[in-house]
Structures are given as C-alpha cells and as structure tokens.
Amino acid sequence: MRVLGVNAIFHDPAAALVVDGRVVAAAEEERFSRRKHGKRPVPFAAWELPELAAAWCLEEAGLRPDDLDAVAYSFDPGLSRDAKSLGLDDPWDHLRLDYARRAPQFLAAALPGLDPAIVRFVPHHVAHAASAGLSVPEDNAVLVLDGRGEVAGHLAGAYRGGELSVLRTQELPHSLGLLYEDLTRHLGFLHSSDEYKVMALASYGKPRFLSLFRELVRPTGDGGFQVDRIDWAAMAKPRGASEEMTDTHADLASSVQTRLEEVILDLARWTYEAAGAPPTLTMAGGTALNCVANARIAAEGPFERVWVQPAAGDSGTALGAALAVTGEPVPFGTAALGRGWSDEALEAELRRAGLPYTRPASIAEEAAKVLAANGIVAWYQGRSEYGPRALGHRSLLAHPGDADTQTRMNDVKGREQFRPIAPMVRAERFADIFEGVYPSPYMLFVHNVRPAWRDRIPAVTHVDGTARVQTVHQDSEPLVAAMLAEFEKLTGLPVVVNTSLNTAGRPMVDTPREAMELFGSAPVDLLALGPFAVHRGKAFAA
C-alpha cells in the first residue's frame, strides 16, 4: 500500500511516504522553501500545502501521484465546530476550515494526476497518536498534547494490536499547548515557534508564581484538565521582542514550566491506569517536545519506558496520518528520512563553488582534529533529519570543554545567549557522564550531568546542571561514533557539542549549496561535506 501523508492545516507543513510498511521519505516543507516552519499558523495560510516536500517524497520512491493508493490529510474538518463555540478568539477560523474541506482539490492541483477521491481526512490528534503509537512494535499507552486539533487540546489512548482506543480528550479552550503559546507571546517570542526558548529561560528563574498557577491550571481527576483565563500582565509586564529580559520574566517562565510538568505527570498517571498499566508510554504533539517535562515523566511516572516521536510537532502528523491509514505498526528506525546526496554530487557542488577541498582518509578523524583544537565544524552527512533536532546529519559541532563555547556558538548562530547547547555522546560512555533516560538518540529528554563532569564539559552543562543528550550508537550512526571516539583519544572527553546547522530564524540547511553558504558567512573552521573537507584557512586565504 502506498500512502502519502500530508500536514498543512496549522504550521510546519510536511509530507511523508509509507510504502508497503516502510517509511520511504519524510520531510518538512521549510527545508525546501527556506521559510522557517513553512508558514505562520494563521487561517489565511491554511491553503498552503507542502507541495515541494510531497513532490520530493514521490520522486524519492520513483512514484507518480496516480500510483498512490491514498493521501492522508492530518485534519478532519467534519469534526470541527465554530471557534466561538469552543471558546476560542479566532474570527477567521472558518476560513481555515473552508480551506481544509477543499484540500482534496488543492492537492490534486499541486500534484497533477492525483485523484482527489483518494484523499482521506485523519483527525489531527489521531494522526499525532499514530505517529508515536504505531512507531513502536509493542502495545502502548499514548498521550498527545499540543495547542489544538479540531475541537480538543489533548488525547489519551491505548494501542493494542495496532488499534487505537481513545480513552479521553480535553475539549477546547482548555489546552496546555495554548497556555505555553500565550506565555511565549507574552515574553516577546514568536508563538508556535519559540516555545523552546521559554523552556530554556525557565531554568534561570524561580517558580514564585507556582501557587497561583496551581489554582489556574489543574487536572480534573478524570484524565482531563482545566485552564482558567490568565492575567499575564498582573505577574510580569509584556516584553517586546527587543526589550530586556528581567528576572520576573524568568520567574514566570519557571512557574508555568513547573506547573506544566506537574499536570502532564498527572495525565500520564491517569493514562497508565486507564490503559491497563502497559509498560510503554508513547508521546506526540508539540508539547511533547518539552524535553524537561519528558524527563520528569520518565523519572517519576509509572511507565517503564517513555518513547517520544522525534517529529513530535505538527510535521510529524504527516507520518502519523499515513500510518493511521495503513493501520499497521511501522517501528521507527531513523530520523534520517530527508534528502541526501551522493559523494559524486557533493564533489560536483564543491567544484562548482570553486572551493578548495580534500578527501582525507577519514573525515571523522579530520573533524575530530579540528574540534580538539577548539575549532567549529559544520557537519553535513547523509540524509537530513525529519523533525526539529539536528542529530548528526546537519549539525554544528564544537568543543565542550571550553566555557566560552556556548557564547561562541550562540554568536555564530546569532541567537540569545541564555540558550543552552547540547551534547552528543557515544552510547557506551553515557552512564559515566550522565544520569537519566537511556537510550536517548533523538535529544528529547534532559539528563543530569554527573558532578565530576560538570567542570570538564561546561559548554553543555546548563545553569541547572542538566544537558539535553543525544546518545550515539555505533550500529545506527557509525560515522558520528567514529568522530566521537577519535575526539576522546585526542582530548579525553567523550562528548562533543551538537547544535543545528543553521543561523537564527532560518531552517536547518538541507542542500550542499546551503551548507557552503553558511560556511562562507559564519566563523566556521571546517566544512565536513560528506567525505570532503573544506578548511576555512585555505578556502578564504588572503
């Protein structure tokens, strides 16, 4: 069965292709269009489809639109109601719904030859749930938390034999995702985009408003929750995007983050009991990208295992919608589902650009030498990642032992200095340095840095003593593992800084040309483009 999944309705438009029980390709539209998040989440943009991502998915599989058995669209307008009746202040929501109803015709226009009759609407939270619950082989409980779907802001369920049983949903306007979006906006960040900045900021504050938020945001004891109207300005004045961040703003972020963790933990415990105490919890939805909350659920919740979909945000509903239509579990094997280039194609791009390059015996060793000398490496290898995390395919790498590395990396990327940078570590060395969820190949949990290592890897140790770790496994990421092993030989440190290969406000680089453009415009010492090495000193010699 050949099913193309499409997400388009809110933000992060994406496409994913599942063929005969295998995920062939999945990518966000932003990687093609170069617009961060693909578009803004406003009703007027709901007609915009991931045309480029969808066309590429079909090309990757050698299929035409008329070869498809189904197209799964991750929103069902037939389930929606008037925004006002849901308690939402969105007078143009009817326009979003009208565009969604016309999605089959829009898709047929975007993909010539596609029969609009094969387009199937999949409820938004069912698509989120399938992206997680059908991506593991075992039966599991599933918890979806995001801003909104058709009429709800949450779904709790259970997968048994590939079938979803919905145990509870929470009707709008009550939504933990919308709560966090409101806070993001109040703090001067871009909502539906910068929520991760609020999570980072929370570590710098104290939860002094927590008692108030325990009154305003509370579980109802039956798997649901209530979020009362919040007077944000009574606690901290609204911050403009260019205005100073105060301690009060950090305290507000800390209070909401803490209360979010508490409520999600309560929901997880309820779901465990309602689902019949399965050992595994799977999670999706934009709120599931909150790695601090995820770590707390794993540490304090009743489940033996917590698995979070790497593309947990709306982009992941493209895959989830396709899986929901196929109805079969397809274990998630890798996030490297996007575009890739052959060595020959990479070399042709280097020649076209006129960059001096070499092909060392080992690009892993070449990169490790530059890192050991405290250089910054643009690491471009294999197929690009599906989801928001750089996982060793489109990464900026640096030395974790220099306390100034965080400042240098944030300067390179042009972003706020309070933003932490994350470590990658070989799996076999994880337990020596970190405490917490293992394995953690997708950077979706925070971990405690063992005290003996905090001064040795200060660049990746956040102000609260934690780090968002990626464990690197030899069987799945041999090249990255080799680079880490060589770096440890040279420095005694089994950890390397890993952040996304982009600059602030732009999507991760996807093509070789974009990688070269970033290399040329930022103080990066080495571009490791496939097996080829481009050193800054040689490329830009006076």
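Residue numbering for the sequence shown follows the working numbering, starting at 32 and increasing by one per position. Built from N, CA and C at the ideal position, the CB exists for glycine as well. All of these numbers come straight from a predicted model, not from anything done at the bench.
query: Please tell me whether A564 and Y388 are closer than 8 angstroms, where the distance is taken between their beta carbons.; result: yes
query: With DSSP collapsed to three states, give me the class of Y227.; result: helix
query: Starting from L165, follow the beta strand (DSSP E) in both directions and report where the run begins and ends.; result: No beta strand (DSSP E) contains L165, which DSSP labels as neither H nor E.
query: Check whether the Cβ atoms of V248 and V182 lie closer than 8 angstroms to each other.; result: no
query: Pop quiz: D541 and R62 are said to be a contact at Cβ under 8 angstroms. What is the actual Cβ separation, rounded to whole angstroms?; result: 4 angstroms
query: State yes or no: is the C-beta of R151 within less than 8 angstroms of the C-beta of A103?; result: yes
query: Considering just the uninterrupted stretch of the alpha helix (DSSP H) at Y303, what are its terminal residues?; result: 278-305
query: Does the stretch 356-374 come within contact of the stretch 441-448, defined as at least 3 CB pairs closer than 8 angstroms?; result: no
query: Tell me which same chain residues have a C-beta within less than 7 angstroms of the C-beta of R446, skipping the five on either side of it?; result: A535
query: Could you say which of A114, F571, C88, V528 lies nearest to D435 if we only look at CA atoms?; result: V528
query: In terms of residue numbering, what span does the alpha helix (DSSP H) encompassing M539 cover?; result: It is not in any alpha helix (DSSP H) - M539 carries neither H nor E in the DSSP assignment.
query: So for V480, helix, strand or coil by DSSP?; result: strand
query: Could you give the first and the last residue of the continuous alpha helix (DSSP H) run that contains Y190?; result: It is not in any alpha helix (DSSP H) - Y190 instead sits in the beta strand (DSSP E) that spans 183-191.
query: Relative to the C-alpha of H493, which residue among P154, V323, L207 is closest?; result: V323
query: Could you tell me which residues DSSP puts in a beta bridge with G36?; result: A47, A103
query: When DSSP builds the beta bridges, which residues end up paired with M455?; result: Q501, V527
query: Helix, strand or coil for Y235? Go by DSSP, reduced to three states.; result: coil
query: How would you call T277, buried or exposed, if buried means at least 16 neighbouring beta carbons within 10 angstroms?; result: exposed
query: Using the beta-carbon count (16 or more within 10 Å), is P543 buried or exposed?; result: buried
query: Which first and last residues belong to the beta strand (DSSP E) in which N171 is found?; result: 171-176
query: What do you reckon, are the CB atoms on P108 and A131 nearer than 8 angstroms?; result: yes
query: With a Cβ-Cβ cutoff of 8 angstroms, do L80 and L48 count as a contact?; result: no
query: Throw me the rounded Cβ distance for the E466 and R481 pair, which I believe falls under 8 angstroms.; result: 6 angstroms
query: Do you know offhand how far L377's Cα is from L558's?; result: 12 angstroms
query: Mind checking whether L532 and A349 have CB atoms under 8 angstroms apart?; result: no
query: Determine the direct distance from the alpha carbon of D433 to that of R619, and round the result to whole angstroms.; result: No answer is possible for residue 619: it lies beyond the span of the chain, which begins at 32 and ends at 573.
query: Let me know the alpha helix (DSSP H) ranges lying completely inside the stretch 394-462, each 4 residues or longer, listed in chain order.; result: 394-403, 436-444
query: Could you give the first and the last residue of the continuous beta strand (DSSP E) run that contains L198?; result: 194-202
query: Would you mind giving the Cβ-Cβ distance between P238 and S286, rounded to the nearest angstrom? I have them listed as a contact below 8 angstroms.; result: 4 angstroms
query: CB V511 to CB I407, shorter than 8 angstroms?; result: no
query: So, with DSSP's three-state summary, where would you put A131?; result: helix
query: So what's R179 in DSSP terms, helix, strand or just coil?; result: coil
query: What is the rounded straight-line gap between the Cα of G144 and the Cα of A409?; result: 40 angstroms
query: Tell me, to the nearest whole angstrom, how far the beta carbon of A172 is from that of T302; I am working on the premise that it is less than 8 angstroms.; result: 5 angstroms
query: Using the DSSP secondary-structure output, state which residues sit across from V323 in a beta bridge.; result: According to DSSP, which records beta bridges pairwise, V323 is partnered with nothing at all.
query: Assuming H566 is part of the beta strand (DSSP E), what are its boundary residues?; result: 563-566
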